[in-house]
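What follows is a set of notes on a single structure, which appears directly below.
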Amino acid sequence: MLLRAVDVFDIYVEPFIYSGFRPPNQPYSYYYRSLFSLHNETLSVWIHLFGTIILITQIFSQILQVSVNSYSTIQCIYLCYNCIGACMMLLCSAQAHLFHSRTLADHLRSFYLDYFGISFYGFTSGIILYRFSHKQQFSMVNNFY
534 MLLRAVDVFD IYVEPFIYSG FRPPNQPYSY YYRSLFSLHN ETLSVWIHLF GTIILITQIF
594 SQILQVSVNS YSTIQCIYLC YNCIGACMML LCSAQAHLFH SRTLADHLRS FYLDYFGISF
654 YGFTSGIILY RFSHKQQFSM VNNFY
(Lines of atoms letter the chains of each structure in order from A and count residues from 1; the text may use other names and numbers.)
(Lines give C-alpha, C1' and ligand atoms only; values in the text may rest on other atoms or scores of the structure.)
Protein backbone atom coordinates (compact mmCIF):
# COMPACT_ATOMS: atom_id res chain seq x y z
CA MET A 1 0.00 0.00 0.00
CA LEU A 2 1.53 3.29 -1.11
CA LEU A 3 0.88 6.57 0.65
CA ARG A 4 0.20 10.10 -0.51
CA ALA A 5 2.44 13.06 0.33
CA VAL A 6 0.03 14.31 3.01
CA ASP A 7 0.27 10.93 4.81
CA VAL A 8 4.06 10.96 5.40
CA PHE A 9 6.46 13.22 7.29
CA ASP A 10 7.52 16.37 5.49
CA ILE A 11 11.17 15.27 5.44
CA TYR A 12 10.26 12.39 3.09
CA VAL A 13 8.35 14.59 0.63
CA GLU A 14 10.04 15.87 -2.51
CA PRO A 15 8.62 18.78 -4.52
CA PHE A 16 6.05 17.78 -7.16
CA ILE A 17 5.85 14.17 -5.91
CA TYR A 18 2.32 13.68 -4.59
CA SER A 19 1.97 9.92 -4.21
CA GLY A 20 3.83 6.63 -4.29
CA PHE A 21 5.46 6.90 -0.87
CA ARG A 22 6.26 3.67 0.95
CA PRO A 23 4.96 3.35 4.50
CA PRO A 24 7.54 4.02 7.23
CA ASN A 25 8.58 1.70 10.07
CA GLN A 26 8.54 -1.48 8.00
CA PRO A 27 11.22 -4.19 8.30
CA TYR A 28 14.26 -3.97 6.05
CA SER A 29 12.98 -6.92 4.02
CA TYR A 30 10.02 -4.78 2.94
CA TYR A 31 12.36 -2.17 1.50
CA TYR A 32 14.49 -4.82 -0.22
CA ARG A 33 11.36 -6.25 -1.81
CA SER A 34 10.23 -2.77 -2.81
CA LEU A 35 13.16 -2.73 -5.21
CA PHE A 36 10.99 -4.84 -7.52
CA SER A 37 7.77 -2.84 -7.16
CA LEU A 38 6.68 0.58 -8.36
CA HIS A 39 6.94 3.52 -5.97
CA ASN A 40 8.28 7.07 -6.08
CA GLU A 41 11.95 5.97 -5.75
CA THR A 42 11.97 3.01 -8.16
CA LEU A 43 13.51 4.89 -11.06
CA SER A 44 16.17 6.53 -8.87
CA VAL A 45 17.32 3.21 -7.40
CA TRP A 46 17.42 1.34 -10.71
CA ILE A 47 19.26 4.12 -12.56
CA HIS A 48 22.04 3.95 -9.98
CA LEU A 49 22.17 0.15 -10.10
CA PHE A 50 22.25 0.08 -13.92
CA GLY A 51 25.01 2.69 -13.88
CA THR A 52 27.04 0.47 -11.57
CA ILE A 53 26.57 -2.55 -13.84
CA ILE A 54 27.60 -0.52 -16.89
CA LEU A 55 30.74 0.77 -15.15
CA ILE A 56 31.77 -2.70 -14.03
CA THR A 57 31.30 -4.19 -17.51
CA GLN A 58 33.23 -1.30 -19.07
CA ILE A 59 36.18 -1.65 -16.70
CA PHE A 60 36.32 -5.41 -17.25
CA SER A 61 36.36 -4.89 -21.01
CA GLN A 62 39.21 -2.39 -20.57
CA ILE A 63 41.17 -4.80 -18.39
CA LEU A 64 40.72 -7.60 -20.91
CA GLN A 65 42.12 -5.36 -23.66
CA VAL A 66 45.27 -4.49 -21.70
CA SER A 67 47.38 -6.91 -23.70
CA VAL A 68 46.10 -5.44 -26.98
CA ASN A 69 46.53 -1.79 -26.04
CA SER A 70 49.63 -0.10 -24.71
CA TYR A 71 48.25 0.41 -21.20
CA SER A 72 50.63 -0.40 -18.42
CA THR A 73 49.55 -2.33 -15.36
CA ILE A 74 49.79 0.76 -13.17
CA GLN A 75 47.40 2.64 -15.46
CA CYS A 76 44.90 -0.21 -15.20
CA ILE A 77 45.16 -0.07 -11.42
CA TYR A 78 44.30 3.63 -11.47
CA LEU A 79 41.39 2.97 -13.80
CA CYS A 80 40.17 0.35 -11.33
CA TYR A 81 40.48 2.93 -8.51
CA ASN A 82 38.31 5.28 -10.52
CA CYS A 83 35.76 2.54 -11.19
CA ILE A 84 35.67 1.56 -7.52
CA GLY A 85 35.07 5.17 -6.52
CA ALA A 86 32.31 5.65 -9.08
CA CYS A 87 30.63 2.35 -8.18
CA MET A 88 30.83 3.19 -4.48
CA MET A 89 29.15 6.53 -5.16
CA LEU A 90 26.35 4.92 -7.20
CA LEU A 91 25.75 2.09 -4.73
CA CYS A 92 25.65 4.46 -1.75
CA SER A 93 23.14 6.61 -3.60
CA ALA A 94 21.02 3.59 -4.53
CA GLN A 95 20.83 2.46 -0.91
CA ALA A 96 19.93 5.99 0.18
CA HIS A 97 16.97 6.04 -2.18
CA LEU A 98 15.97 2.52 -1.16
CA PHE A 99 16.06 2.92 2.64
CA HIS A 100 15.50 6.61 3.33
CA SER A 101 11.78 6.23 4.04
CA ARG A 102 12.14 3.58 6.76
CA THR A 103 12.62 5.81 9.81
CA LEU A 104 13.91 9.30 10.43
CA ALA A 105 17.21 7.91 11.74
CA ASP A 106 17.56 5.68 8.66
CA HIS A 107 16.75 8.66 6.47
CA LEU A 108 19.62 10.65 7.95
CA ARG A 109 22.04 7.69 7.96
CA SER A 110 21.20 6.82 4.36
CA PHE A 111 21.91 10.27 3.05
CA TYR A 112 25.06 10.61 5.16
CA LEU A 113 26.25 7.42 3.51
CA ASP A 114 25.24 8.88 0.15
CA TYR A 115 27.37 11.96 0.87
CA PHE A 116 30.23 9.68 1.89
CA GLY A 117 29.99 7.94 -1.50
CA ILE A 118 30.16 11.28 -3.28
CA SER A 119 33.18 12.31 -1.19
CA PHE A 120 34.88 8.98 -1.80
CA TYR A 121 34.45 9.38 -5.54
CA GLY A 122 35.88 12.90 -5.31
CA PHE A 123 38.89 11.52 -3.45
CA THR A 124 39.53 8.73 -5.96
CA SER A 125 39.05 11.01 -8.96
CA GLY A 126 41.53 13.44 -7.39
CA ILE A 127 44.10 10.65 -7.23
CA ILE A 128 43.43 9.82 -10.88
CA LEU A 129 43.72 13.48 -11.90
CA TYR A 130 47.03 13.81 -10.09
CA ARG A 131 48.38 10.63 -11.67
CA PHE A 132 47.39 11.38 -15.25
CA SER A 133 48.07 15.13 -15.34
CA HIS A 134 51.17 16.41 -17.11
CA LYS A 135 54.00 17.15 -14.71
CA GLN A 136 54.87 20.50 -16.31
CA GLN A 137 51.32 21.77 -16.06
CA PHE A 138 50.83 20.35 -12.58
CA SER A 139 54.04 21.98 -11.30
CA MET A 140 52.40 25.41 -11.78
CA VAL A 141 49.98 24.69 -8.92
CA ASN A 142 52.28 22.36 -6.99
CA ASN A 143 53.33 25.14 -4.59
CA PHE A 144 49.73 25.70 -3.52
CA TYR A 145 48.91 22.08 -2.70
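In my numbering, the protein residues as written are 534 to 678. Just so you know, even glycine gets a beta-carbon here, dropped at the ideal spot from N, CA and C. Predicted model only: the values in this text are computed from it and were never measured.
Outcome for residue i when other beta-carbon atoms lying within 10 angstroms are tallied against a minimum of 16
i, result
"G578", "The identity of residue 578 in the sequence shown is Val, whereas the question assumes Gly. V578 should be labelled buried."
"A638", "exposed"
"L694", "Because residue 694 is not part of the residues shown, which for the chain are 534 to 678, the question remains open."
"R555", "buried"
"E574", "buried"
"S643", "buried"
"Y551", "exposed"
"Y486", "Missing from the structure shown is residue 486; the chain here goes from 534 to 678 and no further."
"S605", "exposed"
"S567", "buried"
"H667", "exposed"
Residue interval of the beta strand (DSSP E) (run including residue i)
i, result
"S479", "Absent from the structure is residue 479, since the part of the chain shown begins at 534 and ends at 678."
Extent of the continuous alpha helix (DSSP H) to which residue i belongs
i, result
"F653", "L637 to F665"
"A627", "T606 to F632"
"S577", "T575 to L597"
Cβ-based neighbour list, residue i, same chain, cut-off 7 Å, excluding 5 preceding and 5 following
i, result
"R587", "The sequence shown places Ile at residue 587, not Arg. Excluding positions up to five away in sequence, the list is empty."
"C625", "L646, D647, F649 and G650"
Residue i (DSSP reduced to helix, strand or coil)
i, result
"L536", "strand"
"S570", "coil"
Contacting residues, own chain, Cβ-Cβ under 6 Å from residue i (five flanking each side not counted)
i, result
"I682", "This structure cannot speak to residue 682, because the chain is shown only from 534 to 678."
"C616", "L588 and I592"
"D540", "none"
"Y611", "I661 and R664"
Assumed close pair residue i, residue j - CB separation to whole angstroms, cut-off 8 Å
i, j, result
"H572", "G553", "5 Å"
"S634", "P557", "6 Å"
"G618", "S562", "Not quite, the Cβ-Cβ distance comes to about 30 Å (not below 8 Å), so this is no contact."
Close beta carbons around residue i, own chain, < 8 Å, minus the five adjacent residues each side
i, result
"F542", "P557 and L637"
"Y654", "G618, A619, M621 and M622"
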